[in-house]
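Reading through the structure tokens given below for one structure.
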Amino acid sequence: MKPKFAHGAPLRGLATNPRSSLFEGTFGRMFRTLPAAVFLKDDLINLAKAMSADPDPATPPEEIDSEENSAIDAGYTYLGQFIDHDLTFDPASSLQRLNDPDGLVDYRTPRFDLDSMYGRGPDDQPYLYASDGIRMLLGRKLSGNGDSGTRDLPRIASDRMSDKDMPDRALIGDPRNDENVIVSQLHAIFLRFHNRVADFLEEINGRTTFGEVQKMVRWHYQWVVLYDFLPTIIGQQNMAEVLPGISNSYYSESKTPNLEYYSWKNEPYMPVEFSVAAYRFGHSMVRPFYLLNKNLDLIPLFDRFGKGETLVGFHAFPENWAIDWDLFFGPAAETGRMRVQKSYKIDTSVSNPMANLPNVIAGDEFSIAARNLLRGNNMGLPSGQDIARLMGLTPIPDEKLIVGKATVEEQSNNRTILEISPNFKGNAPLWFYILAEARHFSYKGDDSAAFHLGPVGSRIVGEVFLGLLLGDFHSFLYQDPNWKPFAQFQQNGTFKMRDLIRQAKLAK
Ligand code: HEM
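If you're matching positions, the sequence shown starts at 1 in our numbering and goes up one per residue.
Put into structure tokens, the structure is as follows:
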């Protein structure tokens with residue numbers, strides 16, 4: 001049966017993968033009829049402070065930390081960041097000008113096309129590619145995780161750069177993917193996965209081309225985005241709201257996606273409600289410390305004021321820091337030092353490293369909460385309550401919009417948004433509202449609850465993901481919605497991020 005959302009045959013020539021596609025997209029508004037919420041800068045700064053956690057001591061890896069989200073492994077935080085860097089890049093700082101989204105350029109294509117990895121392709125940016133013009137270039141060997149094929153990103157060695165003080169910068173499609181050691185190694189996994197697909201296609205067909213490999217890599221990635229990442233973040237119930245036919249593992253072709261608020265005239269745009277608010281939910285999931293492999297101790301993510309080693313990126317890191325991905329995506333022990341690390345809860349608290357970003361990442365305004373709230377204000381986003389009402393939902397009452405960590409221990413310290421400022425009455429910034437909503441629907445009074453986005457956040461993120469996939473005539477959902485990952489790559493009838501990693505490790 002022909003799936004209802006197949007848009008017919010693509011126009012001639014559009015079904016092939018262009019090697020030099022447009023590298024940019026446009027921003028726009030999803031909720032054009034709603035007024036901009038107006039806030040005082042001081043109120044936003046005070047809210048940002050209340051959302052920013054004090055430094056926490058490291059919890060030993062074998063101990064469950066009360067801020068952990070039992071539903072989401074820590075790897076999904078960085079897969080989320082990787083996806084963000086594929087979709088959206090607004091280089092204008094939150095501290096500059098008032099912004100009209102229609103006039104802003106998204107320096108990433110709003111498509112799940114891995115332009116952050118491929119750049120403009122082997123013809124335009126050959127230095128990202130191996131000499132066969134098909135495979136991706138890899139960097140030096142890393143050790144410590146038991147996977148002898150582990151490689152760093154390719155880097156320009158400092159002695160070859162004109163400025164001797166420059167650290168070894170990564171040669172990649174989007175420099176943000178070297179911002180921390182975890183997203184950087186995740187990018188390297190995608191490079192190896194590309195090479196694995198090249199090996200596999202050569203094995204079965206005798207030869208292959210860059211275009212064929214790229215298309216299959218994108219489709220496997222899109223599958224992971226749709227059937228692994230998205231339900232992990234929004235939960236199966238919210239997933240079924242936007243994609244009613246979804247079964248446990250993949251789309252059932254009898255139903256159409258339910259896109260009520262995200263539509264476009266000519267081609268999909270990047271909605272600011274997504275890029276400036278909803279999809280920044282991931283900032284609350286970041287842990288302050290990570291265990292990279294069994295031979296190391298916990299390493300702080302960033303330390304703006306300290307001198308010790310951290311996971312801050314944009315330079316080569318110690319060679320024995322190879323990540324053991326079982327600690328980030330499972331399967332790993334449930335208990336003990338080698339248990340899989342969980343992300344932090346999707347709540348109205350960001351961990352201290354995110355409140356004190358290093359200069360190399362954030363310059364002068366080093367609080368991510370302040371940056372997000374100020375950016376949302378400059379961009380004239382509607383309030384969370386207005387969007388909830390438009391969606392036919394009852395907005396969460398002010399006294400239930402709680403600021404701070406969703407842990408039992410913090411209950412007595414938590415404040416309501418009105419205790420931060422009475423000016424927030426019935427009028428909460430969208431980024432805050434989406435996090436408060438996740439907390440409201442997930443927190444059950446004990447520390448072990450599963451945290452997902454709530455109805456407003458899930459609908460924005462879910463609709464934009466599905467809309468971007470459906471509006472992209474190169475995506476598997478547009479071209480062949482019944483397509484499935486290579487049978488040899490699947491496990492238990494589906495293909496998840498951990499399967500992609502397993503395959504990447506097999507690259508020659
Ligand atoms: C260590 C982890 C992370 C760091 C240090 C980080 C840092 C930043 C910074 C400094 C910005 C620019 C903010 C501004 O000036 O407006 C930003 C933007 C953004 N971040 Fe993150 N982030 C991290 C993880 C994540 C995750 C996990 C997600 C989502 C799952 C995410 C989603 C976004 C989005 C959507 C933007 C806006 C991108 C754009 O349109 O330019 N980030 N992040």
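For glycine and all other residues, C-beta sits at the position ideal for the given N, C-alpha and C.
Classification of residue i by the beta-carbon crowding that lies within 10 angstroms, buried from 16 upward
i	result
Asp499	buried
Lys41	exposed
Tyr290	buried
Gly8	Bear in mind that the predicted position of Gly8 carries a pLDDT of just 30, short of 50, making it too unreliable to give a figure here.
Thr16	At Thr16, the pLDDT of 30 sits below 50, so the modelled position is not reliable and the matter cannot be decided from this model.
Tyr478	buried
Arg337	exposed
Arg97	Below a pLDDT of 50, predicted positions are generally treated as unreliable, and Arg97, at 42, falls in that range; the measurement from the model is reported next regardless. Under this definition Arg97 is an exposed residue.
Thr88	buried
Thr109	buried
Gly308	exposed
Ala504	buried
Lys215	buried
Gly363	exposed
Tyr127	exposed
Arg32	exposed
Gln491	exposed
Leu95	Note that Leu95 has pLDDT 39, beneath the 50 cutoff, so the model's placement of it is unreliable and the number below is only indicative. With fewer than 16 Cβ atoms within 10 Å of its Cβ, Leu95 is classed as exposed.
Ile402	buried
Lys400	exposed
Thr256	exposed
Asp480	exposed
CB contact flag (residue i, residue j, <8 Å)
i	j	result
Ile83	Phe193	no
Tyr76	Thr232	yes
Asn259	Gly467	Before going further, note that residue 259 is Leu rather than Asn in the sequence given. Taking 8 Å as the Cβ cut-off, Leu259 and Gly467 qualify as a contacting pair.
Asn238	Ser458	yes
Ser349	Met136	no
Arg151	Arg140	yes
His220	Phe489	yes
Leu186	Tyr78	yes
Leu226	Ala188	no
Leu142	Ile156	no
Leu114	Asp86	yes
Arg287	Leu301	yes
Asn177	Ser116	yes
Ser383	Tyr443	no
Phe317	Arg218	no
Gly235	His452	yes
Ala436	Ile396	yes
Met285	Ile72	yes
Phe328	Ala74	yes
Gly25	Asp124	no
Phe314	Val360	yes
Gly376	Leu292	no
Nearest to residue i (by Cα), restricted to the options the options
i	options	result
Ser66	Asp472, Gln125, Ala449 and Val276	Ala449
Val514	Glu419, Leu393 and Gly445	Since the first residue of the chain shown is 1 and the last is 508, residue 514 is not available in this structure.
Ser367	Leu34, Phe27 and Ala48	Ala48
Trp325	Asn145, Pro122 and Leu191	Asn145
Thr494	Arg29, Ile45 and Val224	Val224
Asp386	Leu34, Phe27, His283 and Arg218	Leu34
Arg207	Ile134, Gly149, Val360 and Lys484	Ile134
Met391	Glu463, Asp113 and His452	Glu463
Pro61	Leu298, Ile361, Arg439 and Glu437	Leu298
Phe473	Gly173, Pro244, Asn266 and Gln81	Asn266
Met30	Gln125, Ala277, Gly149 and Ile346	Ala277
Leu381	Glu202, Gly211, Ser275 and Ile45	Ser275
Lys294	Asp123, Leu243, Ile460 and Asp147	Asp147
Asp446	Leu44, Glu419, Phe305 and Lys405	Lys405
Leu418	Phe27, Gly28 and Asp43	Asp43
Phe27	Tyr262, Gly282, Ile45 and Gly211	Tyr262
Gly149	Glu319, Trp431, Asn377 and Ile420	Glu319
Glu241	Leu470, Ile460 and Leu469	Ile460
Pro517	Thr256, Ala438, Pro257 and Gln81	Nothing can be reported for residue 517: it is not among the residues displayed for the chain, which extend from 1 to 508.
Ser509	Glu63, Pro122, Glu68 and Ile45	It is not possible to answer for residue 509, since the shown part of the chain is limited to 1 through 508.
Residue i Cβ short of 7 Å to the ligand FAD heavy atom set
i	result
Ser143	Absent from the structure shown: the ligand FAD. Ligands present: the ligand HEM.
Legend entry - the stretch 396-411 contacting the stretch 366-379, beta-carbon criterion three pairs below 8 Å: Touching, no.
Legend entry - Contact the stretch 348-356 vs the stretch 51-61: 3+ CB pairs below 8 Å: The stretch 348-356, when compared against the stretch 51-61, does touch it at the 8 Å Cβ threshold.
Inset, instruction - Would you be able to state if there are at least three C-beta pairs under 8 Å between the stretch 198-208 and the stretch 333-343? - result: They do not touch, by the three-pair rule.
Legend entry - the stretch 262-271 touching the stretch 325-336, judged by at least three CB pairs closer than 8 Å: Flag = no, the stretch 262-271 and the stretch 325-336 do not touch.
Legend entry - Stretch pair the stretch 26-41 + the stretch 422-433: three plus CB contacts closer than 8 Å: In short, these stretches touch, since the Cβ pair count reaches three.
Inset, instruction - Decide yes or no for the touch test of the stretch 314-325 against the stretch 179-186: beta carbon pairs closer than 8 Å, at least 3 of them. - result: As far as the Cβ criterion goes, the stretch 314-325 touches the stretch 179-186, which means the pair count is three or higher.
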